[in-house]
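Quick note: the UniProt record's numbering has the sequence shown finishing at residue 320, numbered continuously throughout. All residues carry an ideal CB built from backbone N, CA and C; glycine is no exception. Computed from a predicted model, the values in this text were never measured in an experiment.
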Amino acid sequence: IKKIGVLTSGGDAPGMNAAVRAVVRAGLAEGMEVYGIYDGYYGMYHDHIEKLNRQNVSDIINKGGTVLGSARFPEFKEPSVREEAIKNLKKHGIEAIVVVGGDGSYMGAMKLSEMGFPCIGLPGTIDNDISGTDYTIGFMTALDTVVDAIDRLRDTSSSHNRISIVEIMGRHCGDLTLWASIAGGSEYIIVPEVDFDEEELLRQVAEGEAKGKKHAIIAITEHVADVNAMAKRIEEQTGRETRATILGHIQRGGAPNAWDRVQASRMGGYAVELLLKGESARCVGIQKGQLVHHDIIDCLTNMRRAFRQDLYDLSNRLF
Ligand code: ADP
Numbered sequence: 002i003k004k005i006g007v008l009t010s011g012g013d014a015p016g017m018n019a020a021v022r023a024v025v026r027a028g029l030a031e032g033m034e035v036y037g038i039y040d041g042y043y044g045m046y047h048d049h050i051e052k053l054n055r056q057n058v059s060d061i062i063n064k065g066g067t068v069l070g071s072a073r074f075p076e077f078k079e080p081s082v083r084e085e086a087i088k089n090l091k092k093h094g095i096e097a098i099v100v101v102g103g104d105g106s107y108m109g110a111m112k113l114s115e116m117g118f119p120c121i122g123l124p125g126t127i128d129n130d131i132s133g134t135d136y137t138i139g140f141m142t143a144l145d146t147v148v149d150a151i152d153r154l155r156d157t158s159s160s161h162n163r164i165s166i167v168e169i170m171g172r173h174c175g176d177l178t179l180w181a182s183i184a185g186g187s188e189y190i191i192v193p194e195v196d197f198d199e200e201e202l203l204r205q206v207a208e209g210e211a212k213g214k215k216h217a218i219i220a221i222t223e224h225v226a227d228v229n230a231m232a233k234r235i236e237e238q239t240g241r242e243t244r245a246t247i248l249g250h251i252q253r254g255g256a257p258n259a260w261d262r263v264q265a266s267r268m269g270g271y272a273v274e275l276l277l278k279g280e281s282a283r284c285v286g287i288q289k290g291q292l293v294h295h296d297i298i299d300c301l302t303n304m305r306r307a308f309r310q311d312l313y314d315l316s317n318r319l320f
């Protein structure tokens with residue numbers, strides 16, 4: 002294999018640049034030509050493809066977002082659109098690609114592989130919601146960002162004797178909420194993996210108050226409840242000022258932390274090794290500290306991410 006491409010797709014995540022850099026540099030080190038495909042599958046279809054050299058990925062390891070750009074391009078579900086995209090790749094002589102993104106991007110990669118175009122997926126999302134890996138690229142940086150936000154909310158909440166609800170990203174995965182709750186010492190955790198009973202929450206908040214807690218921080222994953230409405234109900238029931246903060250897109254931004262840079266670099270280098278071995282339709286992960294790869298179809302359809310019940314139980318013991 003002599004020519005490969007790399008793209009980032011779906012929601013951006015800090016560390017995607019480190020992954021791109023690793024793919025480019027590892028590829029060049031093997032004597033390959035490496036092409037950047039801009040704006041994900043959209044750019045693949047519109048032929049936004051350029052050959053990259055070492056310098057093109059200089060000074061990006063420390064940058065958030067993705068220098069290749071990312072896009073949502075639902076049209077890629079159309080076989081005719083993918084055929085056109087593959088034609089573009091072939092026009093440049095590209096024989097295989099590395100896709101950095103979430104499970105939607107993996108779907109695209111799987112479909113391309115099924116059409117005979119070799120693809121390797123790297124898990125790039127702050128949500129940590131991809132099977133076959135313990136960590137996704139961006140998760141640890143987003144975690145730092147969320148913990149920093151919780152620390153700040155704690156300062157102001159305790160000064161005002163206030164209850165704070167923090168809405169945290171994760172789509173349908175509670176990992177970011179769970180880890181941030183432990184690191185931020187929040188009192189209550191609401192994640193999609195565990196049934197949520199608002200009555201029970203109110204009872205616990207009242208109990209905490211009786212114990213003399215100056216403030217309460219409730220960490221909740223997005224899409225579980227309307228946090229502003231919940232804040233109103235808590236305020237009515239407890240008589241304590243209650244505010245909801247939706248952290249939103251700030252969680253996606255910022256310079257990647259060292260962990261994400263290292264893991265993204267490892268996974269990027271590994272993707273190139275796999276392509277050299279002739280692998281296709283594989284997705285890369287890190288499990289128990291080791292680089293692993295799995296069948297991408299398996300990852301999308303059969304493998305389930307294990308919920309960290311141990312962390313959830315721990316958080317309940319520490320509150
Ligand atoms: P993420 O990769 O972060 O999960 P999306 O779900 O938006 O983000 O997926 C990113 C892109 O992957 C989509 O905009 C689309 O171009 C492509 N994609 C998603 N699902 C499919 C699918 N079923 N078939 C082909 N391409 C898909």
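The residue among E237, T9, A211 and V167 with its C-alpha nearest the C-alpha of F74 is T9.
In this chain, the beta strand (DSSP E) harbouring V100 covers A97 to G102. Nearest neighbour of V101 by Cα position, chosen from A226, S159 and G139, turns out to be G139.
Near the ligand ADP, residues with a Cβ at less than 5 Å from any of the ligand's heavy atoms are S10, G11, G12, Y42, R73, F74, F77, K78, G102, G103, D104, G105, S106, M108, G109 and K112; the list follows chain order.
DSSP, reduced to helix, strand and coil, places L277 within a helical segment of the structure shown.
A straight-line Cα-Cα distance of about 17 Å links R204 and V195. When secondary structure is reduced to three states using DSSP, T243 falls in the strand class. Excluding residues up to 5 positions away in sequence, G66, T67, S71 and R253 lie with their Cβ nearer than 7 Å to the Cβ of D13 in the same chain.
Note that the C-beta distance between V192 and T157 is not below 8 Å.
A272 and C284 have their C-alpha atoms some 8 Å from each other.
Straight through space, the alpha carbons of L154 and D135 are spaced by roughly 29 Å. Annotated three-state conformation of L292 is strand, per DSSP. In the displayed model, I298 falls within a helix according to three-state DSSP. Within the model, the alpha-carbon separation for L90 versus D48 is close to 8 Å.
If one requires a minimum length of 3 residues, the beta strand (DSSP E) runs lying completely within the region 201-260 are 217-222 and 243-247, in chain order. Looking from the CA of T302, the closest CA among A245, M111 and R234 belongs to M111. I287 has its alpha-carbon roughly 22 Å from the corresponding atom of A97.
E51 is bridged by DSSP to G37. When only Cα atoms are considered, G103 and I127 end up about 9 Å apart.
For the options A282, I218, E274 and L202, the alpha carbon positioned closest to that of G185 is the one of I218. The beta carbon of G255 sits closer than 7 Å to those of P15, G65, T142 and T146, all from its chain and outside the five residues before and after it, given in chain order. Bounds of any beta strand (DSSP E) do not take in L69, whose DSSP letter is neither H nor E. Note that the C-beta distance between E85 and Y39 is not below 8 Å.
In this structure D130 is in contact with G171, their Cβ atoms being roughly 7 Å apart against a cut-off of 8 Å. In this structure, I166 keeps its C-beta atom at 8 Å or more from the C-beta atom of T178. Bounds of the alpha helix (DSSP H) holding G185 are D176 to G185. Here A23 is near A265, since their CB atoms are less than 8 Å apart. Nearest Cα to C174 within the set I247, T137, D198 and A232: T137. Here G6 really is in contact with Y36; their C-beta atoms are around 4 Å apart, less than 8 Å.
The beta carbons of R244 and R163 sit closer together than 8 Å.
The C-alpha of H294 lies about 35 Å from the C-alpha of I247. Cβ-Cβ distances below 6 Å link V148 to A181, A184 and G185 in the same chain, with the five nearest sequence neighbours on each side left out; the list follows chain order.
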